[in-house]
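> The structure follows.
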Amino acid sequence: MEARENAAATIFSLTMLDERKVQIKARLRAVPALVLLLKEGTPIGKRDSATALFNLAVYNPNKSIMVNSGAVDVLIELLMDDKASITDDALSVLALLLGCSQGLQELRNSRELVPLLIDLLRFGSVKGKENSITLLLGLCKRPRWLRGGCWRIHGACLRFK
């Protein structure tokens, strides 16, 4: 586990440079390994993994790889885990994944996300509230094929224009 966490910290450091984001994308196992560490790592490993994923998600082609690696479900699980203490980091990555159509669809398919975001609006940090609002607004984005009204997400009606 320690070796994987050190690797996540190294990837986090490397992703500070834009050209490294492209090179890391070419390493097909890097993103799934970071997602697995998010799920199984220690709090420090999870934080390094989330930060590395955030840095990688700035480069658009990496977003679909993250979604396909199961990052959305793992990040939402982390929002429910008080012990992980990386709620703000998880929200930041989820907010970036809104920019990918697959990510948006995965977020819309989650039954837990909207109630969690509403709770975080009431009880979260300032950064957490900001990312919760970003996610809620992103979920309300009207798909091109839908003509008006509201988007029903598991009982909640989110209105959009």
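Reminder that position 145 of the sequence shown reads as 158 in the numbering used here, one-by-one numbering, no gaps. No residue lacks a Cβ here, since even glycine has one placed at the ideal position from N, Cα and C.
#1: Considering only their Cβ atoms, is the gap separating A70 from L109 smaller than 7 Å?
#2: On the three-state DSSP scale, how would you describe S98?
#3: What does the Cβ neighbour count give for I57, buried or exposed, with the cut at 16 atoms within 10 Å?
#4: Could you check what DSSP says for V71 in three-state terms: helix, strand or coil?
#5: Given that a residue counts as buried once 16 or more other Cβ atoms are within 10 Å of its Cβ, and exposed if not, what is S98?
#6: So, is E119 buried or exposed, given that buried needs 16 or more other C-beta atoms within 10 angstroms?
#7: What residue does the alpha helix (DSSP H) around L10 start on, and which one ends it?
#8: Residues in the same chain with beta-carbon distance under 8 Å from K76, minus the five sequence neighbours each way, listed in chain order, please.
#9: Ends of the alpha helix (DSSP H) at R135?
#10: Can you round the beta-carbon distance between L92 and L129 to whole angstroms, since I take them to be within the 8 Å contact cut?
#11: Taking the straight line between their C-alpha atoms, what separation do you get for L149 and N122?
#12: Apart from the five residues just before and just after I78, which ones in its own chain have a Cβ nearer than 6 Å to its Cβ?
#13: Can you give the beta carbon distance from D102 to T64, rounded, assuming they're within the 8 Å contact cut?
#14: Starting from L176 and walking both ways along the alpha helix (DSSP H), at which residues does that stretch end?
In terms of the structure at hand:
#1: yes
#2: coil
#3: exposed
#4: coil
#5: exposed
#6: buried
#7: Past the edges of the chain, shown from 14 to 174, lies residue 10, and the structure says nothing about it.
#8: A70, L109, L110, G112, C113, Q115, G116
#9: 126-136
#10: 5 Å
#11: 13 Å
#12: V44
#13: 6 Å
#14: This structure cannot settle anything about residue 176, because the visible part of the chain is limited to 14 through 174.
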